[in-house]
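Under the working numbering, the first residue of the sequence shown is numbered 11, with each subsequent residue one higher.
Data block below; observations after.
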Amino acid sequence: MMKKLITFLFFVGIYNSIIVASTELPNEADVVLCQDQAENYGNGKGDDIINQSCIESFKKMAAPEAKSESKSMKMKFFGYRNTVLIEKYKNNILFTEIIAGNSSELKAIRALTFDEKNQEVVVLDDSGDILFFSSKITGNIAPFRILKHKDLVGACELVVDSTRDQVVVNNKSTKRILFFSRLANFHAREGKQKLVILKSIDTSLIDLKNLSIDLEKSELHGVDSSKNSAIVFNLK
11 MMKKLITFLF FVGIYNSIIV ASTELPNEAD VVLCQDQAEN YGNGKGDDII NQSCIESFKK
71 MAAPEAKSES KSMKMKFFGY RNTVLIEKYK NNILFTEIIA GNSSELKAIR ALTFDEKNQE
131 VVVLDDSGDI LFFSSKITGN IAPFRILKHK DLVGACELVV DSTRDQVVVN NKSTKRILFF
191 SRLANFHARE GKQKLVILKS IDTSLIDLKN LSIDLEKSEL HGVDSSKNSA IVFNLK
């Protein structure tokens, strides 16, 4: 009986250690190493790889605002620091594609969303820049477009209104929701940049989050977490 008990406790100990190992986050030194790998990804200066342990760590540490998925849930997107990870299934095999490197101009990802209609990954950087990437072309690639505007500093979340070709941005620091053209591009020639606010909503809410768009009803939904209440904005 005692032998069986010892054996049981031994296996329980192993099981618990596996759980701890699978959920334990890396220390800062490991994160810096992973970030360096991402920075040199595809530029010929490094090994042009990001370790699998780094990939898994980045997925775990991505903020809720920096995660997205396709409607079919067959594609998932994660943004952490200077790396975008795209999980895809091909022939029923799950693999991860990477957007990173000096050409990507990614520095500190604050949030991202997937624009399914246009097959783009839209990334909000901590600087306030919004970068638009293809979800099909990955690697050390440049963004299709970059949206820059001084009122984007402090923004924390974004969604895409594919019906109106707009990107909708939540800036909690100014308590405003800002609407920009999805086709805005800082690098376009003068007169074609479209770097203007199309519309803004003063929310007066200090903790608005979880933005989503109901395209059929033409509504913008959110949650006021300070009151734990749903918020709906009419976009018509």
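Note that CB positions come from ideal geometry on N, CA and C, so glycine has one too.
State the DSSP-derived secondary structure class of residue i, mapped to helix, strand or coil.
| i | result |
| --- | --- |
| residue 68 | helix |
| residue 198 | coil |
| residue 181 | strand |
| residue 95 | strand |
| residue 58 | coil |
| residue 41 | helix |
| residue 176 | strand |
| residue 80 | coil |
| residue 33 | The predicted model places residue 33 with a pLDDT of 44, which falls under 50 and marks its position as unreliable; any figure quoted below should be read in that light. Residue state, collapsed to three classes: helix. |
| residue 114 | helix |
| residue 100 | strand |
| residue 49 | helix |
| residue 63 | helix |
Mind checking residue i: buried by the 16 CB within 10 Å criterion, or exposed?
| i | result |
| --- | --- |
| residue 153 | buried |
| residue 42 | exposed |
| residue 53 | exposed |
| residue 123 | buried |
| residue 240 | exposed |
| residue 238 | exposed |
| residue 260 | What the structure shows of the chain is the stretch from 11 to 246, and residue 260 is not part of that stretch, so it cannot be assessed. |
| residue 165 | buried |
| residue 264 | This structure gives no information on residue 264, because the portion of the chain shown stretches from 11 to 246. |
Per DSSP, what are the beta-bridge partners of residue i in this structure?
| i | result |
| --- | --- |
| residue 242 | 231 |
| residue 121 | 134 |
| residue 249 | For residue 249 there is no data in the structure shown, the boundaries of the chain being 11 and 246. |
| residue 186 | 181 and 212 |
| residue 90 | 93 |
| residue 164 | Per DSSP, none; premise fails for residue 164. |
| residue 107 | 96 |
Mind the definition here: the region 139-158 touches the region 94-109 only if three or more C-beta pairs lie below 8 Å; say whether that holds.
-> yes
**Asked** If you pair each beta-carbon of the region 157-172 with each one of the region 105-112, do three or more pairs fall below 8 Å?
**Response** no
Alpha helix (DSSP H) runs contained entirely in the region 200-228, provided each spans 4 or more residues
none
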